[in-house]
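The end of the sequence shown is residue 457 by the UniProt record's numbering, with every number in the run present.
Each residue gets a CB set at the ideal place from its N, CA and C atoms; glycine is no exception.
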Amino acid sequence: MDLPGLPGGHDDRPSPITKLPHEILTQIFFHSLGTVRKRPSADTPPLILGQICRSWRAVALSTPLLWAAIMVAVTVGVAPLEDLEKTLLAVEELLTRSQDCPLKISLVYMHMGDEQHLVYEKKSYGIVAKLVQHTHRWKNVVLSLPKVLIGQVFERISADARCLQSLVVSESDGMSRSSMEAISLSCAPQLECFHILLLAQVDWGDSIMHKMRQISVKFPTIGALLECLDRCPSLTDFDFYSHAHPPFPLAALQTRFSARRLSSVVYCSPDRLIPVQFSVILDCLDLPALKKFVLSTSMVPSDPLSLMRFLYRSHPPLEVLSINVFGMTTTELHECLRMLPVLTTLRCGAMHFSGEKIEPFLVPSPPHGEPILCPNVESVWIIDDGEVACRAVAKLVVNRQQNALILTTGARRIRVFGLAPSNWGAFKEYPGIQHCMEEGLQLIDRASWFNHRRQQM
Numbered sequence: 001m002d003l004p005g006l007p008g009g010h011d012d013r014p015s016p017i018t019k020l021p022h023e024i025l026t027q028i029f030f031h032s033l034g035t036v037r038k039r040p041s042a043d044t045p046p047l048i049l050g051q052i053c054r055s056w057r058a059v060a061l062s063t064p065l066l067w068a069a070i071m072v073a074v075t076v077g078v079a080p081l082e083d084l085e086k087t088l089l090a091v092e093e094l095l096t097r098s099q100d101c102p103l104k105i106s107l108v109y110m111h112m113g114d115e116q117h118l119v120y121e122k123k124s125y126g127i128v129a130k131l132v133q134h135t136h137r138w139k140n141v142v143l144s145l146p147k148v149l150i151g152q153v154f155e156r157i158s159a160d161a162r163c164l165q166s167l168v169v170s171e172s173d174g175m176s177r178s179s180m181e182a183i184s185l186s187c188a189p190q191l192e193c194f195h196i197l198l199l200a201q202v203d204w205g206d207s208i209m210h211k212m213r214q215i216s217v218k219f220p221t222i223g224a225l226l227e228c229l230d231r232c233p234s235l236t237d238f239d240f241y242s243h244a245h246p247p248f249p250l251a252a253l254q255t256r257f258s259a260r261r262l263s264s265v266v267y268c269s270p271d272r273l274i275p276v277q278f279s280v281i282l283d284c285l286d287l288p289a290l291k292k293f294v295l296s297t298s299m300v301p302s303d304p305l306s307l308m309r310f311l312y313r314s315h316p317p318l319e320v321l322s323i324n325v326f327g328m329t330t331t332e333l334h335e336c337l338r339m340l341p342v343l344t345t346l347r348c349g350a351m352h353f354s355g356e357k358i359e360p361f362l363v364p365s366p367p368h369g370e371p372i373l374c375p376n377v378e379s380v381w382i383i384d385d386g387e388v389a390c391r392a393v394a395k396l397v398v399n400r401q402q403n404a405l406i407l408t409t410g411a412r413r414i415r416v417f418g419l420a421p422s423n424w425g426a427f428k429e430y431p432g433i434q435h436c437m438e439e440g441l442q443l444i445d446r447a448s449w450f451n452h453r454r455q456q457m
């Protein structure tokens, strides 16, 4: 018997959640999906939601967009082969239940030299074969696959990728190969983000990619890069990964190409350039809106003045500069920095901070001397090891900290210093650094530079 005044032990009244309108319940379902799943399986949120009750199952099955995210991770030697069979069935189910909805796909294949990888690769081929039948529905796609499967993916994208907005493709083993994959983007008019982390030949057809904003591709030639810039007039950022064997000599390249003015580009990263690429690319670019510039070479440039010509031509409002140019003298670097008065982040080699080379950054500037170098810099990063350079930067940090309250100096305090952890001790020993750290100075492992610079974008 129930006690007076207390609810009965069994209540047949429906739960309040069953009274929610269909639209609200659908939104709750969407928010339950999360962002990361290892693979489609029995614990995939849409499947769980469909198992709660009849009405929830009806809502889940009548909402194709719930099934339009397919996240698969294959780790050779870790996931049992039987799991891959189940994953294939789950992928088929998601493709069916999502109907005609645009698809968000992440397929990552990982192996560390395991001798079983050929068996796993064959199983993964079945998953890829199912997915590429729906390239016309692909919207946001991230793929890390064996090289043997990438060609098949590119072939299907080239045929029909009408909904594709973002595509990121890399080789799963991370090995650099000279063979080149071809992809056509003439059937991908909605593409906004295109990151292909392997050597690729892009066929643009007759298309002008007005929606393209971000490109990161290892182009085989400088001509291929410049054609990309011509085809994508609304680019905001691009990376160019060097190919070590350009097909033309320097003289031919200089007469072949003219400067491109790209008023929307705010981020540019020509990486590991060889001499011919350094000169030709910088002489071909006019980037008046550039705010973040990452420039590196693998050898001494044939024409070091190309960088100065680029800066004079563009007059960019650079805020972030990472520069690692072989053979560049500190005097040449300082000449470049004097053209960048609003720079807030500087990353370069230790040699440029050693000993007296730090003096132009210090305040106050010498009477009748040059203005303070980089007065707005708040973040300094050293690319390589060097205790001498770390102590020199420590001197700069303390100097800027002590003079930060003197308004006439116009120089900001250093708030972030990126260096090798092995040099932290030498840096902290400098008089005044402990006080700077108490006031908010951050020491960051230089290895985290990539994540740091992307967070600033």
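Open item on the list: Using 8 Å as the threshold, is the C-beta distance between residue 150 and residue 88 below it?
Closed with: Here residue 150 corresponds to residue number 150 of the sequence shown, with the count starting at 1. Here residue 88 corresponds to residue number 88 of the sequence shown, with the count starting at 1. Their beta carbons are not under 8 Å apart, which means residue 150 does not touch residue 88 by this criterion.
Given residue 304, which residues of its chain have a CB within under 6 Å of its CB, disregarding the five upstream and five downstream residues? What you label residue 304 is simply residue 304 of the sequence shown in a count that begins at 1. No residues qualify anywhere along the chain.
Inspect the beta-carbon positions of residue 462 and residue 297 and report whether they are closer than 8 Å. For residue 462 there is no data in the structure shown, the boundaries of the chain being 1 and 457.
Using three-state DSSP, classify residue 216 as helix, strand or coil. Residue mapping note: residue 216 aligns to position 216 of the sequence shown, counting from 1. It is a strand residue.
At least 3 beta-carbon pairs within less than 8 Å: the stretch 341 to 359 vs the stretch 317 to 324: yes
**Prompt:** Counting along the chain, where does the beta strand (DSSP E) carrying residue 390 start and finish?
**Reply:** Counting from 1 along the sequence shown, the entry for residue 390 is found at position 390. Unbroken run through residue 390 is the alpha helix (DSSP H), 387 to 403; no beta strand (DSSP E).
As assigned by DSSP and simplified to three states, the class of residue 184
Walking along the sequence shown from the start, residue 184 turns up at place 184. Here residue 184 sits in strand by DSSP.
Considering just the uninterrupted stretch of the beta strand (DSSP E) at residue 271, what are its terminal residues?
Position 271 of the sequence shown holds residue 271. Element bounds for residue 271: 267 to 271.
Report yes if the C-beta distance between residue 279 and residue 301 is below 8 Å; otherwise report no.
Counted from its first residue, the sequence shown places residue 279 at position 279. Counted from its first residue, the sequence shown places residue 301 at position 301. In contact: residue 279 and residue 301 (Cβ atoms closer than 8 Å).
Check: Residue ranges of each beta strand (DSSP E) run of no fewer than 3 residues wholly in the stretch 347 to 387, ordered along the chain?
Finding: 379 to 382
>> Quick check: residue 145 and residue 172, are their CB atoms within less than 8 Å of each other?
In response: Counting from one through the sequence shown, the residue named residue 145 turns up at place 145. Counting from one through the sequence shown, the residue named residue 172 turns up at place 172. Cβ distance < 8 Å, so residue 145 and residue 172 count as in contact.
Problem - Secondary structure of residue 247, DSSP reduced to three states - result: Mapped onto the sequence shown, residue 247 falls at position 247. Low confidence applies to residue 247: its pLDDT is 46, below 50, so where it sits in the model is not reliable, and the reading given next is rough at best. Residue state, collapsed to three classes: coil.
> Can you tell me where the beta strand (DSSP E) with residue 258 in it begins and where it stops?
Replying inline: Here residue 258 is taken as the residue at index 258 of the sequence shown, counted from 1. Residue 258 -> no beta strand (DSSP E), and no H or E assigned at all.
* To do: Keeping to the same chain, check which residues put their C-beta closer than 7 Å to that of residue 420; ignore five residues upstream and five downstream.
  => One-based indexing of the sequence shown puts residue 420 at position 420. Cβ within range, chain order: 385, 446.
Can you tell me whether residue 450 is buried or exposed, with buried defined as 16 or more other CB within 10 angstroms of its CB?
The sequence position of residue 450 within the sequence shown is 450, counting from 1. Label assigned to residue 450: exposed.
Report task. Compute the distance between the beta-carbons of residue 281 and residue 299, then report whether it is under 8 Å. Result -> The residue you call residue 281 lines up with position 281 of the sequence shown. The residue you call residue 299 lines up with position 299 of the sequence shown. No, the pair does not count as a contact, with Cβ atoms beyond the cut-off.
Counted within 10 angstroms of its Cβ, other Cβ atoms place residue 180 as buried (16 or more) or exposed: Within the sequence shown, numbered from 1, the residue matching residue 180 stands at position 180. The residue in question, residue 180, is exposed, as its Cβ has fewer than 16 Cβ neighbours within 10 Å.
Query raised in the report: Which class does residue 171 belong to by DSSP, given the choice of helix, strand or coil?
Result: Position 171 of the sequence shown, counted from the start, is the residue given in the question as residue 171. In the structure shown, residue 171 sits in a strand (DSSP, three-state: E or B).
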